[in-house]
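A.B. asks: Chains as they are written, first to last, in my numbering: chain A, 233 to 556; chain B, 594 to 929.
Think of the CB as a built atom: it goes at the ideal place given N, C-alpha and C, for glycine as much as any other residue.
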């Protein structure tokens, strides 16, 4: 079997073992209801993480996604409630804004050679600042379409698969196809493997780079729409730290943070593991929520350590020291 | 950080032009501050210490300035330390919890600083021995650190009544607020440590090429561990100052997002994120630019919501001015 799949396999095993343990511990755990709620609660995070997977596969990072989500919710709340814009028009507008924002960041990274970390950090401040400027209050969205959309669901046994959970699953499916079955996906992997070699091989580096960040911000805006459906409100302090959760999910899912190796499906498992930890803590009731942070941190460390060992095991010694 | 006299004139001019954008930036920001608030530069002495907006900039900027000292060294090796905000929370939680258990204030401060050193040691070992990418290695502590801080405080905001510890933030020495004195002290110690010895050169060498520096006989592991320990120590000092400021420890919010401000200060100060060269004094200038903007926005009566936007726009301008692509363009034009 391909050693490249080992991190992904390990992640899946960890999730299955964790799920098994929880099911033994709590007798209501192994129901469709818990699974469906897990998907619904983490829908916005999952959509963000798909975009983040592309960014990390290319060897970059996008710190602005949490702020873009907050901006989207505030924009929607103001457009729909204050200016009575039809919701679908507002959705299209905010998705366009998000894509443009990402394209600008990608262009700055490619043409000005500014490290992604710093440019997306500035983007994070900018997007958060603009949403503060729009409003600092939490605005409810009471448009009838919102409750209609929230009523859309497929009933699976005892659970109800909500619309936003379905959106996330579709995004994961589309993301997987885009990353592993298209020319764009191959270019992304090439960029993450080695930028210079990719350029020499004729990969359109500039276009790919701009598209990657466009995709990430576009998906963050989509996650913002999902988040506003989920909370039925717009709040400029919403989704702080989402970028960290998304990065953690990508890394736990077996994607190498240096770029070039990874799977969109792994990110999905990473999201499930984070959701599982939260659900476990809710079920237990005696553990405090800070254990989530410690557990995610410990898992992150375990997976990074594992990746490191694998890299040491499979890359020849000579190349190892040059990459250090 | 003074320039060696032997430096050729052209090289010296290069250093000056490299630093010019930041210094002009600081002067411009201070001028704008002065325009929006004419009494900005006025200082007065009351109860034996200085008061005024300028002192306030220094005082409020102290925690980020402290962080930027350690961060500069880490970034100079080509790394990054995302965990400093969490280390602030851990050190603050340690200080508040220990002082309530009745320990002597000196012991409390030393133990809190040791907590920061331990965090730095962890980061350093991950980066140097396990050879994990710095951004990832420190990310684990960034995520888990606040959880650990909450474990120390048992999930509540611990407050304390202890005048000696509170004096770390509220006291004054020679007319200057204590945090400013601490910053100046740490700056002098750090500069002496890296420029008074060969350590600074080693750090830059590791940042340029770790492999060649190892071949040249530099103990690269030791250098890496040292810079992360120093960063942890600086963060712990900032954590104690912040805890003393609010006379308590809030594991959720102490130092939140401060790592980003610290990284921005270092970058605005002209230290390349790719490593290889650094300037501690310019990092302090960078931190002061950011704090002077914050204070200016407050003084101008603008809503504090403008803060983030102004900050990001100024940072973007400085980034564009410094960007390798633009400077390459400029030098090409000069050559032709």
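Buried or exposed for residue 539(A), please, with buried defined as at least 16 other CB atoms from any protein chain shown within 10 angstroms of its CB.
C.D. replies: buried
A.B. asks: Quick one: grab the DSSP three-state call for residue 643(B).
C.D. replies: strand
A.B. asks: Under 8 Å, do residue 435(A) and residue 419(A) count as touching if we go by C-beta distance?
C.D. replies: yes
A.B. asks: For a test of the three-state rule: what should DSSP assign to residue 489(A), helix, strand or coil?
C.D. replies: coil
A.B. asks: If you measure from the beta carbon of residue 449(A) to each beta carbon in chain B, is any gap under 8 Å?
C.D. replies: no
A.B. asks: Buried or exposed for residue 357(A), going by 16 or more other Cβ atoms inside 10 Å?
C.D. replies: Looking at its Cβ environment, which holds 16 or more other Cβ atoms inside 10 Å, residue 357(A) is buried.
A.B. asks: So, do the region 799-814 of chain B and the region 694-705 of chain B have three or more beta carbon pairs nearer to each other than 8 Å?
C.D. replies: no
A.B. asks: What span of residues does the alpha helix (DSSP H) with residue 288(A) cover, start to end?
C.D. replies: Run containing residue 288(A): 275-289, per the alpha helix (DSSP H) assignment.
A.B. asks: Whose Cβ in chain A lies nearer than 8 Å to the Cβ of residue 723(B)?
C.D. replies: 537, 540
A.B. asks: Short of 8 Å Cβ to Cβ, which residues in the region 496-508 of chain A face chain B?
C.D. replies: none
A.B. asks: Which two residues bound the contiguous beta strand (DSSP E) that contains residue 393(A)?
C.D. replies: 391-394
A.B. asks: For residue 624(B), count the other beta carbons within 10 Å of its own beta carbon; 16 or more makes it buried, fewer makes it exposed. Which is it?
C.D. replies: exposed
A.B. asks: Give me the subset of the region 814-838 of chain B whose CB atoms are less than 8 Å from a CB atom of chain A, sorted by chain position.
C.D. replies: none
A.B. asks: With residue 874(B) as the anchor, note down where its alpha helix (DSSP H) starts and where it stops.
C.D. replies: 873-892
A.B. asks: Taking 8 Å as the threshold (C-beta atoms), are residue 766(B) and residue 776(B) in contact?
C.D. replies: Contact flag unset, no.
A.B. asks: Restricting to runs no shorter than 4 residues, where is the alpha helix (DSSP H) found entirely within the region 609-674 of chain B?
C.D. replies: List check, alpha helix (DSSP H) in window: 646-653, 655-669.
A.B. asks: Once DSSP output is grouped into helix, strand and coil, what is the label at residue 387(A)?
C.D. replies: strand
A.B. asks: Near residue 480(A), which residues of its chain fall below 6 Å by C-beta distance, leaving aside the five closest residues on each side in sequence?
C.D. replies: 528, 532
A.B. asks: Let me make sure I understand the geometry here. Which of 812(B), 631(B), 638(B), 650(B) has the alpha-carbon closest to that of residue 882(B)?
C.D. replies: 650(B)
A.B. asks: What residue range does the alpha helix (DSSP H) around residue 315(A) cover?
C.D. replies: No alpha helix (DSSP H) contains residue 315(A), which DSSP labels as neither H nor E.
A.B. asks: How is the alpha helix (DSSP H) around residue 296(A) delimited, first residue to last?
C.D. replies: Here residue 296(A) belongs to no alpha helix (DSSP H), and DSSP marks it neither H nor E.
A.B. asks: In angstroms with no decimal places, state the Cα-to-Cα distance between residue 707(B) and residue 534(A).
C.D. replies: So the alpha carbons of these two residues sit roughly 25 Å apart.
A.B. asks: Using a C-beta cutoff of 8 Å, does residue 360(A) count as contacting chain B?
C.D. replies: yes
A.B. asks: Can you tell me the Cα-Cα spacing of residue 600(B) and residue 339(A), whole angstroms?
C.D. replies: With a pLDDT of only 47 at residue 600(B), under 50, the local geometry of the prediction cannot be trusted, and no value is derived from it.
A.B. asks: Taking any Cβ of chain A, which residues in the region 892-910 of chain B have a Cβ under 9 Å from it, in chain order?
C.D. replies: 896, 897, 898, 899, 900, 901, 902, 903, 904, 905, 906, 908, 909
A.B. asks: Listed in chain order, which residues of the region 335-353 of chain A have Cβ atoms closer than 9 Å to some Cβ of chain B?
C.D. replies: Within the region 335-353 of chain A, the residues whose Cβ lies closer than 9 Å to some Cβ of chain B are 340, 343, 344, 345, 346, 347, 349, 350, 351, 353, listed in chain order.
A.B. asks: Could you please give the first and the last residue of the uninterrupted alpha helix (DSSP H) stretch that includes residue 763(B)?
C.D. replies: Bounds of the alpha helix (DSSP H) holding residue 763(B) are 756-763.
A.B. asks: Just by C-beta distance, which residues in the region 388-399 of chain A are closer than 9 Å to chain B?
C.D. replies: Residues passing the 9 Å Cβ filter: none.
A.B. asks: Are residue 676(B) and residue 717(B) close, meaning C-beta to C-beta below 8 Å?
C.D. replies: Taking 8 Å as the cut-off, the beta carbon of residue 676(B) is found no closer than this to the beta carbon of residue 717(B).
A.B. asks: Please report the distance separating the alpha-carbon of residue 265(A) from that of residue 398(A).
C.D. replies: 15 Å
A.B. asks: If you measure from the beta carbon of residue 528(A) to each beta carbon in chain B, is any gap under 8 Å?
C.D. replies: yes
A.B. asks: Per DSSP, which residues does residue 372(A) bridge with? Please list them.
C.D. replies: BP columns for residue 372(A) point to 465(A).
A.B. asks: Which whole-angstrom value describes the C-beta separation of residue 746(B) and residue 842(B), a residue pair presumed to lie in contact below a C-beta threshold of 8 Å?
C.D. replies: 6 Å
A.B. asks: So, at 8 Å on beta carbons, what are the nonlocal neighbours of residue 427(A) in its own chain, with the 5 sequence-adjacent residues on each side left out?
C.D. replies: 291, 437
A.B. asks: I'd like the list of long-range same chain contacts for residue 245(A), defined as Cβ closer than 7 Å, with 5 residues on each side in sequence excluded.
C.D. replies: none
A.B. asks: State the DSSP-derived secondary structure class of residue 770(B), mapped to helix, strand or coil.
C.D. replies: Looking at residue 770(B) - three-state DSSP - the assignment turns out to be strand.
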